[in-house]
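> First residue of the sequence shown? That's 1 in the working numbering, and the numbers climb one at a time after it.
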Amino acid sequence: MTALTRLPLYWRICLINGLVFLVGTVVLAASPATISTRVLVSEAIVLLVGLVLILFANALLIRSTLAPLERLTRLTESVDLQSPREQLSDDGHGTVARLFRGFNAMLDRLEAERSSSNAKALAAQEAERHRIAQELHDEVGQGLTAVLLGLKRATDRAPDDLADELRGVAEIARSSLDEVRDVARRLRPGVLDDLGLLSALAAACTDFSTHSGVHVRRGFAPGLPPLSAEKELVVYRVAQEALTNVARHALASTVTVSLSTQGDAVVLLVADDGVGIHGRAESTGIRGMRERARLVEGSLVVRTRIGGGTEVRLVVPTGTVTP
C-alpha cells in the first residue's frame with residue numbers, strides 16, 4: 001500500500017481502474033455463466049449486475065483516492081486569508097502528500113508576508129503620524145503663536161473700537177492653536193513617551209469625555225508588569241480606536257476603560273452601554289486593531305455585551321522587556 005501511495009496520482013487512478021477490470025474479467029472467466037448467440041434476458045441481467053458492481057467498486061476506490069483533494073478544495077474555499085492558521089495533515093507520501101505540504105508551506109508564507117507587510121505599514125503609519133505631529137507643533141503651532149503675539153501688540157496700540165475686533169481675531173487664532181495642539185497630541189501622544197501608558201490612557205479618556213460628553217469609568221490595576229514600547233503603543237492605539245468607535249457609532253452614555261493582568265498578559269477592556277454591533281460587518285478600524293494585536297502576538301475580541309453595548313478586549317503577553 002505504501003508503494004501505491006508513492007505513485008503519481010494519474011498512475012494510481014489508472015492502476016485502480018486496471019485492477020477493477022482485471023478482477024471483473026477473472027470473476028467472469030471463472031464463473032459458470034455463458035452468453036448465448038442471442039443474449040437471453042437472464043444473461044443480460046447478470047452482465048448488467050456485474051457492470052454495476054464494477055462501476056461501483058471503481059467509484060469507491062477513486063473517491064477514496066481523491067478524498068484528500070476534496071479536503072484541500074474545502075479548505076481553499078474556507079481559509080481566512082487574514083489569519084490562515086488552519087492547515088492540512090500531510091502524513092504519508094506521494095503526490096497528494098506533497099501537494100498538502102506545498103499548500104501548508106504556501107499558507108505559512110502568506111501569514112509571514114501578511115505579518116511583515118502589516119508591520120511595515122503600521123510602522124510607516126506611526127512614522128508619518130510622528131512627522132505630521134512634529135510639523136504641526138513646530139511650524140503651524142509656532143506660526144499661530146507668533147500671530148497671537150503680534151495681535152496682542154497690535155491690540156495694545158490700537159483704538160478701542162479696533163482693539164475689540166483684534167481681540168476677536170486673537171481668540172479665533174488661540175482656538176485654532178488649541179485645535180492644532182489637540183490634533184498633534186492625538187497623532188503622537190507625547191505623554192506616552194514621557195509619562196508612560198497609564199498616564200497616556202488617562203489623558204485619552206479625559207480628552208474623549210470632554211469632546212464626546214460620554215462619561216468614562218477608569219480602572220487601572222496597580223502593579224502592572226512593564227511592557228515594551230511597541231506593546232504600549234499597541235495598547236494605546238487600540239484604546240484610542242475603541243473610544244473613537246464609541247463616539248461615532250455606539251450612542252453610549254458610559255464607557256468603562258480598564259487595564260489589568262491575566263497570568264503573564266496585560267488585558268485592556270473597553271466596554272460601553274450603547275447599541276452594540278448586532279452582526280454588523282467588521283469595520284476598517286476593528287481590522288486595524290486586530291492587526292496591531294497580531295503584531296505583538298496578542299489577541300483581540302470584539303463582541304456585543306449581554307446587557308447591551310459593545311466590549312473590546314485586548315490581551316497582550318508581557319514577554320521580556322529590555323531595559
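Just so you know, even glycine gets a beta-carbon here, dropped at the ideal spot from N, CA and C. All values derive from a computational prediction rather than experimental measurement.
1. I need the straight-line Cα distance from R303 to E171, nearest angstrom please.
2. So, with DSSP's three-state summary, where would you put T73?
3. Put D138 into one of helix, strand or coil per three-state DSSP.
4. With DSSP run on the structure shown, which of helix, strand or coil describes E232?
5. Would you be able to state if there are at least three C-beta pairs under 8 Å between the region 279-296 and the region 256-270?
6. Is the separation between the beta-carbon of L224 and that of L192 shorter than 9 Å?
7. How about L345 and L187: are their beta carbons less than 9 Å apart?
8. Starting from the Cα of S228, find the closest Cα among R181, D161 and E297 and give me that residue.
9. Output the residue ranges of the alpha helix (DSSP H) runs that lie fully inside the region 224-291 and measure 4 residues or longer, sorted by chain position.
10. Could you check if I277 is buried or exposed, using at least 16 other CB atoms within 10 Å of its CB as the buried criterion?
11. Can you tell me whether R131 is buried or exposed? The criterion is at least 16 other CB atoms within 10 Å of its CB, across all chains shown.
12. Taking Cβ positions, are V235 and L269 nearer each other than 9 Å?
13. Since K231 contacts V147 with CB under 8 Å, what's their CB separation in whole angstroms?
14. If I measure Cβ to Cβ from R325 and keep anything under 7 Å in the same chain, skipping five residues before and after, which residues do I get?
15. Starting from R217, follow the beta strand (DSSP E) in both directions and report where the run begins and ends.
16. Verify whether the separation of the beta carbon atoms of T244 and V214 is less than 9 Å.
17. Give me, in chain order, the residues of the same chain whose beta-carbon lies closer than 7 Å to that of A252; leave out the 5 immediate sequence neighbours on both sides.
Put simply:
1. Here residue 303 is taken as the residue at index 303 of the sequence shown, counted from 1. Here residue 171 is taken as the residue at index 171 of the sequence shown, counted from 1. Near 44 Å, if we compare the C-alpha coordinates of E171 and R303.
2. Your numbering for residue 73 matches position 73 in the sequence shown. Here T73 sits in helix by DSSP.
3. Walking along the sequence shown from the start, residue 138 turns up at place 138. DSSP places D138 in helix when its eight states are reduced to three.
4. In the sequence shown, residue 232 corresponds to position 232, counting from 1. E232 falls in the helix class under three-state DSSP.
5. Contact between the region 256-270 and the region 279-296 is absent, because fewer than three Cβ pairs lie under 8 Å.
6. Taking the first residue of the sequence shown as position 1, residue 224 is located at position 224. Taking the first residue of the sequence shown as position 1, residue 192 is located at position 192. Result no, Cβ atoms of L224 and L192 do not sit closer than 9 Å.
7. The chain is shown only over 1 to 323; residue 345 falls outside these bounds and no answer can be derived.
8. Stepping through the sequence shown from its first residue, residue 228 is reached at position 228. The shortest C-alpha separation from S228 is found at E297.
9. Counting only runs of 4 or more, we get 229-245.
10. Within the sequence shown, the letter at position 277 stands for residue 277. Counting Cβ neighbours within 10 Å, I277 comes out buried, since at least 16 surround it.
11. Indexing the sequence shown from 1 puts residue 131 at position 131. Exposed, because fewer than 16 other Cβ atoms sit within 10 Å of the Cβ of R131.
12. Working through the sequence shown from its first residue, we reach residue 235 at position 235. Working through the sequence shown from its first residue, we reach residue 269 at position 269. No; because the gap between Cβ atoms is not below 9 Å, this pair is not in contact.
13. Counting from 1 along the sequence shown, the entry for residue 231 is found at position 231. Counting from 1 along the sequence shown, the entry for residue 147 is found at position 147. The pair is not a contact, with the Cβ atoms about 40 Å apart (cut-off 8 Å).
14. There is simply no residue 325 to check, as the chain begins at 1 and stops at 323 in what is shown.
15. Position 217 of the sequence shown holds residue 217. For R217, the enclosing beta strand (DSSP E) covers residues H215 to F220.
16. Along the sequence shown, one-based indexing puts residue 244 at 244. Along the sequence shown, one-based indexing puts residue 214 at 214. No; because the gap between Cβ atoms is not below 9 Å, this pair is not in contact.
17. The residue given as residue 252 occupies position 252 in the sequence shown. Contacts found: V214, V246, D272, D273, G274 and G309.
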